[in-house]
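Numbering (this note's numbering), first residue to last: 5 to 219.
By construction, the Cβ of each residue, glycine as well, lies at the ideal position given by its N, Cα and C atoms.
These notes concern the structure reproduced below.
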């Protein structure tokens, strides 16, 4: 047992010596005096409450560099985790497309349902409007019989149906998110998401005019 202990101590010493040599050959890291003083206060605090380990000597700059790297890594990971997103699942059938939406990272969301503001052209007025906890609908019309209608929904358990035999189909991006537009007879339908909500914009106005409404 004594030989095993001596062998483990020898291996430990060699490993620590390697760390010491590497830190000596590494370039000095530079930090602000305020940041360095905060780190040193943590080091002094730990030295008062823990028994020092023999032969474990790491230069002050190396300790500060390790702690700083851990702090920055944790911050980046936290930002990446909280961002909500929407996943599309499109079933392409003979006469229709069925689009199902699913949200991820919803635990990070704050606040209630927020209605998207549209840039409605002059001459259109609200003819119908309804709202509930997970959805919103509004329909605008003008004196020429033109209409623009928006259905906004929370993505979870939301399904939309598009005519697979439409006259024209476009795919593009709205604020960096996927969007699909189809032209069916005299009506355009645009479906997209913003990472939290799903939108279904319908109108018998021109395609360019509908795009201006959501820009």
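Each residue's CA atom was taken as its position, placing residue 202 and residue 22 some 57 Å apart. In the DSSP assignment, the residues bridged to residue 107 are 90.
Under the 10 Å beta carbon count, residue 149 is surrounded by fewer than 16 other beta carbons and is classified as exposed. Exposure of residue 95 is indicated by the presence of fewer than 16 other C-beta atoms within 10 angstroms of its C-beta. For the set 209, 92, 89 and 117, the Cα lying nearest the Cα of residue 151 is the one of 209.
The beta carbons of residue 103 and residue 193 sit no closer together than 8 Å. Proximity of the stretch 156–171 to the stretch 130–148 meets the contact definition, three or more beta-carbon pairs being nearer than 8 Å.
Going by DSSP, residue 166 is part of no alpha helix (DSSP H) but of the beta strand (DSSP E) stretching over 162–167. A residue is called buried when at least 16 other Cβ atoms come within 10 angstroms of its Cβ; residue 166 meets this threshold and is buried.
Beta-bridge pairing by DSSP links residue 99 to no other residue. Residue burial is scored here from C-beta neighbours: residue 129 has fewer than 16 other C-beta atoms within 10 angstroms and is therefore classed as exposed. The Cβ atoms of residue 118 and residue 168 do not sit closer than 8 Å to each other.
For residue 204, the uninterrupted beta strand (DSSP E) segment begins and ends at 201–207. Per DSSP, residue 124 lies in no alpha helix (DSSP H) segment and is marked neither H nor E.
The C-alpha of residue 134 lies about 12 Å from the C-alpha of residue 153. Under the three-state reduction of DSSP output, residue 7 falls in the helix class. The beta-carbon separation of residue 170 and residue 147, rounded to 28 Å, does not stay under the 8 Å limit for a contact.
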